[in-house]
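In our numbering, the protein residues as written are 17 to 229.
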């Protein structure tokens, strides 16, 4: 699985790098994206961070904490659908901070880091851990973290492409990983009965059980 997930991540990250460099994205950088309250530039910064953060996390110090699974990483999130939740305020702030460098710099930095990761990920062992820097003391296995990045890349490639009026679908391998992780997170958060209703009896889906992000 290690080889497959790293390959899927790098393919999706390459798509992100290409989209970030698109003229259409730069032209509407300061306009509002399809995500209310987030500019196209902010959304691009958020997408870029799914490339940049992997290197940052790899360079962080790790200890001996029990690794968090990619499923639990998402299942425990609170306020994902509330625009002014602490979670979303923090995401927007970090995204705009990255976007402040401008479209050219963001695209170039993402490409540079992607190239380094294309070489580096093939050399990291299967039990490699990374520090989750925005959650001090928390760690994940590298491949588990890359699973969460496949989710972010798949979701936000779609968001940014739609915002800029271009077509840039995520690779099938990353989409498959993203769906598997999010369905599993929905099951952990709401339970199988609620997920079954969401899948087969929408009129009984009182919890919007498939809405994870």
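Each residue gets a CB set at the ideal place from its N, CA and C atoms; glycine is no exception. Being a predicted model, the structure only gives us computed values, none of them experimental.
Assuming residue i and residue j are in contact, meaning their beta carbons sit under 8 Å apart, how far apart are those beta carbons, in whole angstroms?
i: residue 214; j: residue 191; result: Going by Cβ atoms, the distance from residue 214 to residue 191 rounds to 19 Å, so no, they are not a contact pair.
i: residue 243; j: residue 194; result: Since the first residue of the chain shown is 17 and the last is 229, residue 243 is not available in this structure.
i: residue 19; j: residue 229; result: So it is not a contact: roughly 27 Å between Cβ atoms.
i: residue 175; j: residue 51; result: 6 Å
i: residue 45; j: residue 119; result: 5 Å
i: residue 180; j: residue 41; result: 5 Å
i: residue 201; j: residue 90; result: 4 Å
i: residue 173; j: residue 32; result: 6 Å
DSSP on residue i, reduced to helix/strand/coil?
i: residue 217; result: coil
i: residue 158; result: helix
i: residue 55; result: strand
i: residue 71; result: helix
i: residue 113; result: helix
i: residue 48; result: strand
i: residue 14; result: Here the chain has residues from 17 to 229 only, and residue 14 is not among them.
i: residue 85; result: coil
i: residue 226; result: coil
i: residue 211; result: helix
i: residue 38; result: coil
i: residue 66; result: helix
i: residue 61; result: helix
i: residue 163; result: helix
i: residue 92; result: coil
i: residue 76; result: coil
i: residue 98; result: coil
On the criterion of 16 or more Cβ atoms from any shown chain inside 10 Å, does residue i qualify as buried, or is it exposed?
i: residue 113; result: exposed
i: residue 150; result: exposed
i: residue 80; result: exposed
i: residue 219; result: exposed
i: residue 187; result: buried
i: residue 222; result: exposed
i: residue 138; result: exposed
i: residue 69; result: buried
i: residue 155; result: buried
i: residue 127; result: buried
i: residue 82; result: exposed
i: residue 61; result: buried
Which residue from the options puts its Cα closest to that of residue i?
i: residue 86; options: 225, 197, 226, 209; result: 197
i: residue 54; options: 88, 115, 25; result: 115
i: residue 144; options: 157, 206, 43; result: 157
i: residue 121; options: 57, 101, 104, 84; result: 57
i: residue 161; options: 225, 27, 73; result: 73
i: residue 163; options: 211, 88, 141, 225; result: 88
i: residue 177; options: 94, 77, 49; result: 49
i: residue 117; options: 185, 130, 84, 64; result: 64
Quick one: does the C-beta of residue i sit closer than 6 Å to a heavy atom of the ligand NAP?
i: residue 23; result: The ligand NAP is not part of the structure shown, which contains no ligands of any sort.
Exercise. Could you give the uninterrupted runs of the beta strand (DSSP E) lying entirely in the stretch 118-160, keeping only those of 3 residues or more?
Worked result: Within the stretch 118-160, the complete beta strand (DSSP E) runs of at least 3 residues are 145-147, 155-157.
For this session: Tell me the start and end of each unbroken alpha helix (DSSP H) in the stretch 168-196 that is at least 4 residues and wholly inside, in chain order.
Result: Within the stretch 168-196, there are no complete alpha helix (DSSP H) runs of at least 4 residues.
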